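Scroll down for the structure; my scribbles are underneath it.
In our numbering, the protein residues as written are 882 to 1242.
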């Protein structure tokens, strides 16, 4: 598959000596959790999930229920209310996708599974017998030489994905085709799907297209992210052939260079934004024009619709995880995840021999 995002998304393998009682294949099992790859909280703060390793096996735990063992597991995502949870896993060299209680596979390869915010749509790319397909709910698209997983707007009424056709790449957005490109990535959308953008290359140059206008002047880029109404957007790019210097462009302004970046998130109107970057092996978080740091690791930030509540999770070696919210830090914890609802309610999930969720007032 082509490069969708080579930007660090920040997961952590921190040794933990914890016990988790779980039901696996009808048996009561006590698992020693050796490391956690991902710990996430649904957008409304109701449901937490984690991907963890015990011994040589991987497991996924969502709302108290554990699935596994797997040879590998990754890509855990949830709908806004946590009602739909999905992830990728492998067993004996074969790839699968799990969406709530249903498993899809085995496949030779799968792309990351996507879920619309309202949970009504899901999708993923997969390969079988050397041929690629894209599944969106119960509909299959294909056959393709290569394909990327789809993306959705909030309610799934607008979707898009990139696929190879002959020697070129194309993009489909709700039935409309764009191309031909040397390579392309699946698009991203604002909430209602009226704005979209994607990365592509053609004729030896790289571009980011937003609503029909293409930006260039870089070696590689990532499909943009949008504020809710789509009037403000941002994307990550590099001018370096070694991909060792990265920039963040928001509107007409660029920030950088940085060693690594986490793409921006926005308030509803885009006037408040946040992104993370690393310099000198340390991480920083920028919210508007203010920079916070240094940290050893960070997770993507959260912003309320009106921009008055902002927060992020960070990690400090030998101390633990902290949540920064509106000028105050909470922690340390063994692990933490944060959600800020559009209305500004703040929920913090922490992990120590179990998952605990609380609302920060």
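Heads up, the beta-carbon is just placed ideally off N, CA and C, and yes, glycines get one too. Values in this document were obtained by computation on a predicted structure and should not be read as measured data.
If residue i and residue j are in contact, beta carbons under 8 Å, what's the gap, nearest whole angstrom?
| i | j | result |
| --- | --- | --- |
| residue 1225 | residue 1189 | 6 Å |
| residue 1008 | residue 989 | 5 Å |
| residue 923 | residue 1220 | 7 Å |
| residue 1205 | residue 1232 | That belief does not hold up - the Cβ atoms of residue 1205 and residue 1232 are roughly 18 Å apart, past 8 Å. |
| residue 1153 | residue 1184 | 6 Å |
| residue 972 | residue 951 | 6 Å |
| residue 970 | residue 953 | 6 Å |
Less than 7 Å between C-beta atoms, sequence neighbours within five positions excluded: which residues of the same chain meet that for residue i?
| i | result |
| --- | --- |
| residue 1036 | 997, 999, 1001 |
| residue 1090 | 1078, 1079, 1081 |
| residue 1018 | 1002, 1003 |
| residue 1096 | 1088, 1089 |
| residue 1093 | none |
| residue 1145 | 1106, 1115, 1129, 1131, 1154, 1155, 1156 |
| residue 927 | 962, 963 |
| residue 987 | 975, 976, 977 |
In its own chain, which residues sit with a C-beta less than 6 Å from the C-beta of residue i, not counting the 5 before and 5 after it?
| i | result |
| --- | --- |
| residue 985 | 978 |
| residue 1135 | 1128 |
| residue 917 | 931, 933, 1216 |
| residue 1172 | 1165 |
| residue 1012 | 1024 |
| residue 1046 | none |
| residue 943 | 930, 966 |
| residue 1242 | none |
| residue 909 | At residue 909 the pLDDT is 45, less than 50, meaning the model places this residue with poor confidence and gives no usable figure here. |
| residue 1022 | 1015 |
| residue 1218 | 920, 921, 922, 1230 |
What do you reckon, are the CB atoms on residue i and residue j nearer than 8 Å?
| i | j | result |
| --- | --- | --- |
| residue 1077 | residue 1066 | no |
| residue 1104 | residue 1115 | no |
| residue 962 | residue 1222 | no |
| residue 994 | residue 1003 | yes |
| residue 1157 | residue 929 | no |
| residue 1068 | residue 1054 | yes |
| residue 1191 | residue 1168 | yes |
| residue 1102 | residue 1117 | yes |
| residue 834 | residue 1029 | Outside the shown range of the chain (882 to 1242) lies residue 834, about which nothing can therefore be said. |
| residue 957 | residue 935 | no |
| residue 1027 | residue 1040 | no |
| residue 1208 | residue 1201 | no |
| residue 1193 | residue 1155 | yes |
| residue 1034 | residue 974 | no |
With residue i as the anchor, note down where its beta strand (DSSP E) starts and where it stops.
| i | result |
| --- | --- |
| residue 971 | 966 to 972 |
| residue 950 | 946 to 951 |
| residue 1006 | 1003 to 1009 |
| residue 1181 | Residue 1181 -> no beta strand (DSSP E), and no H or E assigned at all. |
| residue 1015 | 1012 to 1017 |
| residue 1176 | 1171 to 1176 |
| residue 1087 | 1086 to 1091 |
| residue 1127 | 1127 to 1131 |
| residue 918 | 916 to 922 |
| residue 1078 | 1077 to 1083 |
Between residue i and the rest of its own chain, which residues show a CB-CB distance below 8 Å, the 5 nearest in sequence each way excluded?
| i | result |
| --- | --- |
| residue 1186 | 1109, 1148, 1149, 1223, 1224, 1225 |
| residue 1084 | 1063 |
| residue 1176 | 1163, 1164, 1165, 1166, 1195, 1196, 1197 |
| residue 1236 | 929, 931, 942, 945, 1230 |
| residue 1137 | 1126, 1127, 1128, 1129, 1158 |
With H, G and I counted as helix, E and B as strand and the rest as coil, what does DSSP make of residue i?
| i | result |
| --- | --- |
| residue 1141 | strand |
| residue 1163 | strand |
| residue 1224 | coil |
| residue 1189 | coil |
| residue 1036 | coil |
| residue 1260 | Missing from the structure shown is residue 1260; the chain here goes from 882 to 1242 and no further. |
| residue 1068 | coil |
| residue 981 | coil |
| residue 1051 | strand |
| residue 961 | coil |
| residue 1029 | coil |
| residue 913 | strand |
| residue 1208 | coil |
| residue 1096 | strand |
| residue 1236 | strand |
| residue 930 | strand |
| residue 1274 | Given that the chain is displayed from residue 882 to residue 1242, the structure contains no residue 1274 and the question cannot be resolved. |
| residue 1113 | coil |
| residue 993 | coil |
Report yes or no: is there a C-beta of chain D within less than 8 Å of the C-beta of residue i?
| i | result |
| --- | --- |
| residue 1052 | Looking for chain D here will not work: only one protein chain is present. |
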